[in-house]
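Some notes on the structure that comes next.
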Amino acid sequence: MQCELIVDARNGTGESPVWHPVEQALYWVDIPARQLHRWQAGTHQTWQGDEMLACIARTQQGWVAGMQSGIFQLAPQADGTLASQLLSPVEHAREGMRFNDGRCDRQGRFWAGSMLLDMAQGAPVGALYRHDREGQLHLVLEDLIVPNGLAFSPDGTRMYLSDSHPDVQTIWVFDYDTDSGTPHNRRLFVDMHALPGRPDGAAIDQDGCYWICGNDAGLVHRFTPDGRLDRSLPVPVKKPSMCAFGGANLDTLFVTSIRPAGDLSDQPLAGGVFALDPGVKGLEEPAYRG
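Position 138 of the sequence shown, counting from 1, maps to 137 under numbering that gives the first Met the number 0, and the rest follow consecutively.
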């Protein structure tokens, strides 16, 4: 499979790639830099936020985002700043936390998980929240360390969730009530301990297969709906962080990555954004319907 570098972004933690079908553009964030990025027809643009933004979803007017202190409405400005409006504050379990991975379900509810900034503590104080279309934030799941890999099946009746922490490295699947936005019947989908890479950000293709970045292994894995590893695509960096389908035909897999500190002579493109030919098509990412 060909892997193309589209932006040598050098993101500290590139995350949450989202294809904008109207603009035919890829958006993503760099969490520690507090930036929103856009790549459109080979042009790269950034906007600066006031606090760390970790996950985004489209709205009719701009973006909704999980940040450090809550769920915000964001509007990119011509001067390179991000206008922000707090939609729902969050009461984290302790100091030094932020939102992490998130996206909308098929009905337009925004979901986001929280984690400690210091992941090395391994404390299960992270949680998963649902921001309803009515604007209310609900705590749904607790006792997570690094919630990640959130995704929904094409018909919306399955929800996937992973925990990236080295002590967990597990992907679960839930049955999902599309009327109430409630996951139930949590069960093991994939135990990643025996596979290369920790489970990070994910995407679903039109066949209902689950794509997830194998962080630390430089791979993006595809699992069938029954949890069977179908294929693994390499990227030229060790820490791919999240993938998303995009392009005019939704047949390109975009992958963000992390640029760690230290010697990068063996992965000079770390923190870049890549495009892969996955051999399948994806689904349009739902917009927030708040």
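The C-beta atom is built at its ideal place from N, Cα and C for all residues, glycine as well.
Going by DSSP, which residues form a beta bridge with residue 214? 197
Would you kindly work out how many angstroms separate the C-alpha atoms of residue 112 and residue 41, rounded to a whole number? 32 Å
From the DSSP output, which residues share a beta bridge with residue 299? Lying before the first or after the last residue shown, residue 299 is absent from the chain, which here runs from 0 to 289.
CB-CB under 7 Å to residue 121, same chain, minus the five flanking residues each way: which ones, in chain order? 144, 164 and 166
By the three-class DSSP mapping on this structure, what secondary structure does residue 168 have? coil
Give me, in chain order, the residues of the same chain whose beta-carbon lies closer than 8 Å to that of residue 208; leave out the 5 immediate sequence neighbours on both sides. 221, 222, 223, 224, 229 and 279
Drop a sphere of 10 angstroms on the beta-carbon of residue 248, count the other beta-carbons inside from all chains shown, and report buried for 16 or more, exposed for fewer. exposed
Is the region 80-88 close to the region 61-71, with three or more CB pairs under 8 Å? yes
Run through the DSSP bridge pairs and tell me what residue 130 is partnered with. 109 and 136
Burial state of residue 79, where buried means 16 or more other Cβ atoms lie within 10 Å: exposed
For the beta strand (DSSP E) containing residue 147, name the first residue and the last one. 146-151
Whose CA, out of 193, 169, 158 and 191, lies closest to the CA of residue 176? 158
Opposing strand residues paired with residue 257 [DSSP bridges]: 12
Anticipated Cβ contact below 8 Å, residue 200 with residue 131, distance rounded: About 23 Å; that fails the 8 Å criterion.
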